[in-house]
Amino acid sequence: MYYAHFGLKEPPFKITPNTDFFFSGGNRGAVLEALSYAILHGEGIVKVVGEVGSGKTMLCRMLQTQLPDHVDNVYLANPSMAPEDVLHAIALELRLDLPSDLSRLEVMQRLQQALLEKHAAKRQVVVFVEEAQGMPLATLEEIRLLTNLETRHDKLLQIVLFGQPELDENLNRREIRQLKERITHSFYLGPLNQDEIEEYLMFRLRAAGYYGPPLFSKRAIKQLAEKAQGLVRRVNILADKSLLAAFAANTYQVTPRHVRAAIRDSEFASDRPSSQKRSSVVPWILLTAVAVLGAFVAWNERVLVPHTTPVEPVVQSAEAPVELEQESKPVPVASIRQLIKQREEHTAAWLATLPSHYLTIELVRHLAWDDLEKQLQPVLAQLVLDDLYAVDTKVNADGSVIILYGAYENRQDALAELKLLPEELQAGAHLRTIAGIMEEMKQHQ
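Counting along the sequence shown from 1, when you hit position 251 you're at 260 in our numbering, and nothing is skipped either side.
Here's what the structure looks like:
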């Protein structure tokens, strides 16, 4: 829906693993190389552990595509498989036509013979076991027994277990200690840190065809990273919803406001207070985006209909300004005063559209222009300028102002934004209600 708005060719943050979007940062590339080496040169069992949504399935798919042609892949995705079904499942993946009434011993003999033939043909077989933490212990033990299939010098079967941290708990149980002893290599997929998440977001956007400046502001990334807890799947979900929220707001940069909307619209139930209830079954971000898209389609159809008076189509400039949180160039003093004057023109209309119980952040109050410029110039580049508003208080001849920042539905969101402000502003900033600001404006009229 938002792809054309941001110049994307395809969805950048789908949670379905796509090897074209494999991110080698966050130690993922190093783990992939180590896994490839362990499979091709090692023996025994290899284990990969990571939290839910850390990228284990993507790693497994990458292995399947990057291993040499002489390696045959067997993929077991059903963790609830019974012990007696494991041999049949592997045989089926290797395209062995076995009668269903064969005994376990007969299936093992047929499987061993097939593996010996592959070994003689200089082929290798690796079994990938997904969701291994959910496998019954008896099934894991059956998998261990497969490592006994060997020649005088080589194992006939390489096994890679992918699982959540519960897999380690299962392997510590005494009755399965023999399996643990067969594990020769262990890898752990840790969470991404904030810098890696920033790289990840840009990498995925570039892979999807985006060529512009960073879409996610620094503070938006910080907020997204804190909520995602370094888990790739959460990053994808929040990034996708944040882009949708920015599209619905008809902006070209993702700010903390859009990330907060994405967080509220996500199903991270463990992080949401139990008393908080969702207001609608259908996510409001999607509803808003559909409405925006519908309005655009309706407008497009209207300008395409012949009129007696020619209608000049609205063409958006390819160089539309995008306000980014750049730290390289401070805003000149002269333009700060001009900016504040411009924001004053928008403030009255902005306040009129907000419910009276909404909150805003008061950054600065009753400063003369020189003092205002000194205070804002070092930090202005770190703020989202579209969230900056100014109220002329007419306290003195210099036209002193109150500088406001953003609008928030509840105190929790407002305080979260306050903590993201530059430290120079946090000390003097505090929360105000829209009703209070409106009343103060009336007093100064």
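From the three backbone atoms N, C-alpha and C, an ideal C-beta is built for every residue, glycine too. Fair warning: this is a prediction, and the values are worked out from it, not measured in the lab.
- Taking each of E52, L385, L434 and M71 in turn and checking the Cα distance to Q133, the smallest one comes out for E52.
- Closest in alpha carbon position to I370, among Q347, H355 and Q421, is Q421.
- Assignment of H128 by DSSP, reduced to helix, strand and coil, places it in the helix class.
- The beta-carbon separation of L429 and Q238, rounded to 18 Å, does not stay under the 8 Å limit for a contact.
- Taken in chain order, the complete alpha helix (DSSP H) segments of 4 residues or longer contained in the segment 370-434 are 378-385 and 420-429.
- In the structure shown, V263 adopts extended strand secondary structure according to DSSP, grouped into three states.
- Sequence-distant partners of V55 (beyond 5 residues in either direction) whose C-beta falls short of 6 Å from its own C-beta, in its chain, are A47, V169 and H194.
- Under the three-pair Cβ rule at 8 Å, the segment 30-46 counts as touching the segment 210-223.
- Q173 carries a coil assignment under DSSP once its states are collapsed to helix, strand and coil.
- One Cα belongs to F137, the other to Q75, and the distance between them is close to 14 Å.
- Per the C-alpha coordinates, the member of L360, E418 and A436 positioned closest to A399 is L360.
- Between L198 and V58, the gap from beta carbon to beta carbon is short of 9 Å.
- Of the candidates G218, Y219, I206 and A216, I206 places its Cα closest to the Cα of R228.
- Within its own chain, the residues whose Cβ lies closer than 8 Å to the Cβ of L176, once the five positions on either side in sequence are excluded, are K56, V58, A141, Q142 and L170, listed in chain order.
- Judged by DSSP secondary structure, D81 falls outside any alpha helix (DSSP H) and instead within the beta strand (DSSP E) spanning V80 to L85.
- The secondary-structure analysis by DSSP pairs T66 with nothing; it has no beta-bridge partner.
- The beta carbon of A216 is closer than 8 Å to those of P21, D29 and F30 in its chain, skipping five residues each way along the sequence.
- Nearest Cα to I99 within the set L114, L120, S251 and F196: L120.
- Across the structure, K23 and P77 are spaced so that their CA atoms are roughly 28 Å apart.
- Inclusion of V373 and I412 in the CB contact set at 9 Å is warranted, their separation being smaller than that value.
- Cβ neighbours of R37 within its own chain (closer than 6 Å, five residues either side excluded): none.
- A direct Cα-Cα distance of roughly 15 Å separates N245 from K65.
- Going by C-alpha positions, C69 is about 11 Å away from V40.
- Residues of the same chain with a CB within less than 7 Å of the CB of E426, apart from the 5 flanking positions on each side, are P265, I370, G415 and Y417 in chain order.
- In chain order, A229, Q232, L233, L247 and S251 place their CB closer than 7 Å to the CB of V268, counting only its own chain and leaving out the 5 sequence neighbours on each side.
- Secondary-structure assignment with DSSP links Y197 through a beta bridge to V58.
- The Cβ atoms of I443 and L397 lie no closer than 9 Å to each other.
- Taken through DSSP and simplified to helix, strand or coil, R441 comes out as strand.
- Residues of the same chain with a CB within less than 6 Å of the CB of L146, apart from the 5 flanking positions on each side, are I185 in chain order.
- Just so you know, the alpha carbons of I272 and V241 end up roughly 15 Å apart.
- Contact annotation: P92 and T148 have beta-carbon atoms nearer than 9 Å.
- Burial check for L114: the Cβ neighbour count within 10 Å stays below 16, so the residue is exposed.
- Annotated three-state conformation of F30 is helix, per DSSP.
- Residue range Q133 to V138 is occupied by the beta strand (DSSP E) that includes Q133.
- By DSSP's assignment, K164 forms a beta bridge with E159.
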